[in-house]
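Those protein sequences? They're chains A and B, same order as listed. Just so we're aligned: 148 in numbering that gives the first Met the number 0 is position 149 of the first sequence, and the numbers increase by one with no gaps anywhere. Just so we're aligned: 119 in numbering that gives the first Met the number 0 is position 120 of the second sequence, and the numbers increase by one with no gaps anywhere.
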Amino acid sequence: MSNALKINKGIEEGLRDFLEFLLKSEKAGAVFALKKMNGKGAVSYSLITDTDELKDAVPLYPLMPVNAGKALSSFTLEGVPEKPVAAVLRPCELRAFIELVKRAQGSLDNILLISLTCGGVYPLKSLTDGNLKKLLSQYWESAKKADIDPGIRDTCQSCENFIPQLADMTVVSLGKKDLDKECTIILNTKKGEEYAREAPGSIVSEEIETAETKKLKEKRKEKNEKMVEDFQKDGSGLKALIKTFAACLGCHGCSQACPICYCMLCDFDSKTQEYKPVSFSSELKQKGGLRVPPGTIYFHLGRMSHMAVSCVSCGMCSDVCPVNIPVSTLFSIVGASLQGMFDYIPGRDVEETVPSGTYKEEEFVETGEYSGSG
Amino acid sequence: MNNNDMPKIIGFLCTWCSYTGADLAGTSRLRIPSSIRVIRTMCSGRIDPLFVLKCYLKGADGVMMMGCHPGDCHYQKGNYNARRRYVMLHNIFKTLGLEKDRIGLWWVSASEAPIYAKVTNEFTQQVKRLGPNPLREEIFI
Numbered sequence: 000m001s002n003a004l005k006i007n008k009g010i011e012e013g014l015r016d017f018l019e020f021l022l023k024s025e026k027a028g029a030v031f032a033l034k035k036m037n038g039k040g041a042v043s044y045s046l047i048t049d050t051d052e053l054k055d056a057v058p059l060y061p062l063m064p065v066n067a068g069k070a071l072s073s074f075t076l077e078g079v080p081e082k083p084v085a086a087v088l089r090p091c092e093l094r095a096f097i098e099l100v101k102r103a104q105g106s107l108d109n110i111l112l113i114s115l116t117c118g119g120v121y122p123l124k125s126l127t128d129g130n131l132k133k134l135l136s137q138y139w140e141s142a143k144k145a146d147i148d149p150g151i152r153d154t155c156q157s158c159e160n161f162i163p164q165l166a167d168m169t170v171v172s173l174g175k176k177d178l179d180k181e182c183t184i185i186l187n188t189k190k191g192e193e194y195a196r197e198a199p200g201s202i203v204s205e206e207i208e209t210a211e212t213k214k215l216k217e218k219r220k221e222k223n224e225k226m227v228e229d230f231q232k233d234g235s236g237l238k239a240l241i242k243t244f245a246a247c248l249g250c251h252g253c254s255q256a257c258p259i260c261y262c263m264l265c266d267f268d269s270k271t272q273e274y275k276p277v278s279f280s281s282e283l284k285q286k287g288g289l290r291v292p293p294g295t296i297y298f299h300l301g302r303m304s305h306m307a308v309s310c311v312s313c314g315m316c317s318d319v320c321p322v323n324i325p326v327s328t329l330f331s332i333v334g335a336s337l338q339g340m341f342d343y344i345p346g347r348d349v350e351e352t353v354p355s356g357t358y359k360e361e362e363f364v365e366t367g368e369y370s371g372s373g
Numbered sequence: 000m001n002n003n004d005m006p007k008i009i010g011f012l013c014t015w016c017s018y019t020g021a022d023l024a025g026t027s028r029l030r031i032p033s034s035i036r037v038i039r040t041m042c043s044g045r046i047d048p049l050f051v052l053k054c055y056l057k058g059a060d061g062v063m064m065m066g067c068h069p070g071d072c073h074y075q076k077g078n079y080n081a082r083r084r085y086v087m088l089h090n091i092f093k094t095l096g097l098e099k100d101r102i103g104l105w106w107v108s109a110s111e112a113p114i115y116a117k118v119t120n121e122f123t124q125q126v127k128r129l130g131p132n133p134l135r136e137e138i139f140i
């Protein structure tokens, strides 16, 4: 049981009120949250200091225009914000941010982390469908029942890490019937309690894991197992891999959108991967043909070998793919397998080192030893 | 043996142990299969998984990584990094259902010329059993 702030307003309005309180009481210098950009459903992560502008903030809007971890890193990379920033982000975005902080690409100082028990987000393409209103009401109906909304991203449907670990505050958005009437913000840390002092609303006791969230975890686990099973049946093997990436344009959008791919200059965009005329002709002589631009699968497998161990399964890569390649499914499956080797969960703990950047002397001792006779 | 039956294997050898070991194998007149093409690196820790992937995807029948024994690295700890990179790459191959037996890592010290001869011969046999890399036929990838 932890303390929670209960505000007798709808979940989104209540949270907005709380953010307004943080600004007005000058506990926070700015709010970082999703904000409406036009009347048609477009949203963007924004830094807000003006309480009037806060009216258009939609912190719980089920859409991820960019992974907020990446966005937070962009303004904490070079230094700490002058005044505390109250950031509202989803659990996978928070985990991505932690991974970036581990890689010295951001800082947790002066950031108040507000996260939520997450029902998932819709694919970005649903924005242009025109039935966003219907989707939104459907989303909140599923959230009340802690059900899997059939419209959300594939990775969200099979995500078991929907309860944030390192947040200072957690907004309860799943498994509560009266989300329209009340907003519950669980205060996980001392810092969270500090910020919530004197906030409008009452302090109650609340459990973050409930029977509903446990049930949802089971359902999502089932989905995850099915995803892996389907992959092993149809997606595994060289032929299937080539088929999966056949449509790839080589736009590298997946790596641009990926919160873990932080390199200023990706190896695959650099001169080292450029084909010189001589490489073209020598390869043509050998094979009698060449894809242009070359190295589609090389790019994906290479990127995988570099970052999959930290993949937080946010689903941005699939979402931005213009030709609908299920990139995130593949990366989630490989990521989970790599993470399993090191008992590692990306973004679980900021002190934990990234497995690809460290080693233990006493591990895998049999690897490399010649085992044949004498 | 007909040279056409010989698989093409790329070997990344660290200069301090394995490359010197391979050199010794030559001066000791040990039989080394003609399948292996050696690329010398300063340390096994220099072998980016991308090198291995590129060889594999370009149609190499096998890729060998070799370095100093753990604890003997010329740069103290480079081979520990190599080991982790290798097991991670191996895991990716396994998870994706690719032919993980086409890649391998061995520790070969500067004095272990017989081991070098053995692992190259045995790996050549192993790769032969797998047949040619199907990626040779895949042109537009």
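Beta carbons are placed, not taken as given, at the ideal position from N, Cα and C, and that holds for glycine. All values reported here derive from a predicted model rather than from experimental measurement.
Contact between glutamate 92/A and cysteine 313/A holds, with the beta-carbon distance rounding to 7 Å and staying under 8 Å. When the Cα atoms are used, proline 325/A and serine 331/A turn out to be separated by approximately 10 Å.
Comparing C-alpha distances from methionine 5/B to each of Leu88/B, Arg82/B, Glu137/B and Ser33/B shows the shortest one belongs to Ser33/B. Taking C-beta atoms under 8 Å as the contact rule, lysine 23/A and threonine 50/A qualify, at a distance of about 6 Å.
The DSSP assignment places 67 to 75 as complete runs of the alpha helix (DSSP H) inside the segment 55 to 79 of chain A, in order along the chain (cut-off: 4 residues).
With respect to glycine 25/B, methionine 65/B sits apart: the two C-beta atoms are not nearer than 9 Å.
Assigned with DSSP and collapsed to three states, phenylalanine 31/A falls in strand. Comparing C-alpha distances from asparagine 187/A to each of Asp179/A, Val171/A and Pro199/A shows the shortest one belongs to Val171/A. Taking 9 Å as the cut-off, the beta carbon of isoleucine 151/A is found no closer than this to the beta carbon of glycine 346/A. Residues are counted here when their Cβ sits less than 7 Å from a Cβ of chain A; for the segment 40 to 59 of chain B these are Pro48, Leu49, Leu52, Lys53 and Leu56, given in chain order.
In the DSSP assignment, tyrosine 44/A forms a beta bridge with Leu33/A.
Against chain A, the CB of phenylalanine 139/B has a partner CB under 9 Å away; the residue lies at that interface. For asparagine 187/A, no alpha helix (DSSP H) run applies, since DSSP gives it neither H nor E.
Distance from valine 322/A to cysteine 247/A at the Cβ level is roughly 7 Å; contact confirmed, criterion being Cβ atoms closer than 8 Å.
Taking a cut-off of 8 Å for Cβ pairs, the segment 79 to 95 of chain A and the segment 132 to 145 of chain A do not touch, as fewer than three such pairs fall below it. In this structure, DSSP gives leucine 104/B an extended state, which the three-state scheme calls strand. At a cut-off of 9 Å, the C-beta of threonine 94/B has a neighbouring C-beta in chain A.
Taking 9 Å as the Cβ-Cβ cut-off, the segment 301 to 334 of chain A approaches chain B at Gly301, Met303, Ser304, His305, Ala307, Val308, Leu329, Ile332 and Val333, given in chain order. Taking the CA atoms as reference points, leucine 88/B sits about 37 Å from aspartate 146/A. Going by DSSP, alanine 3/A is part of the beta strand (DSSP E) stretching over 1 to 6.
Leaving aside the five residues that flank isoleucine 38/B on each side, the residues in its chain whose CB is nearer than 6 Å to its CB run, in chain order, Phe11.
Cysteine 91/A carries a helical assignment under DSSP once its states are collapsed to helix, strand and coil. Bounds of any alpha helix (DSSP H) do not take in glutamate 137/B, whose DSSP letter is neither H nor E. When the Cα atoms are used, leucine 76/A and glutamine 255/A turn out to be separated by approximately 17 Å. Following the DSSP letters along the chain, one finds cysteine 155/A inside the alpha helix (DSSP H) bounded by residues 153 to 156. Secondary structure at glutamine 104/A: coil, using DSSP grouped into helix, strand and coil. The three-state secondary structure of methionine 263/A, taken from DSSP, is coil. Look at alanine 239/A: its C-beta is under 9 Å from a C-beta on chain B.
Closest by C-alpha distance to alanine 41/A, out of Thr183/A, Ser125/A, Gly105/A and Leu21/A, is Ser125/A.
In this structure isoleucine 207/A does not touch isoleucine 241/A by the C-beta definition: roughly 44 Å separates them, more than the 8 Å allowed. The continuous beta strand (DSSP E) containing leucine 12/B extends over residues 8 to 13. By the criterion of at least three beta-carbon pairs nearer than 8 Å, the segment 59 to 75 of chain A is in contact with the segment 103 to 111 of chain A. Nearest in C-alpha terms to cysteine 310/A, of all of Tyr297/A, Ala335/A, Pro292/A and Glu224/A, is Ala335/A. Contact between arginine 15/A and alanine 67/A is absent: CB atoms are separated by about 17 Å, not below the 8 Å threshold. Around the Cβ of threonine 271/A, a 10 Å sphere holds fewer than 16 other Cβ atoms; the residue is exposed.
Interface residue (Cβ-Cβ distance to chain B less than 9 Å): arginine 290/A is classified as such.
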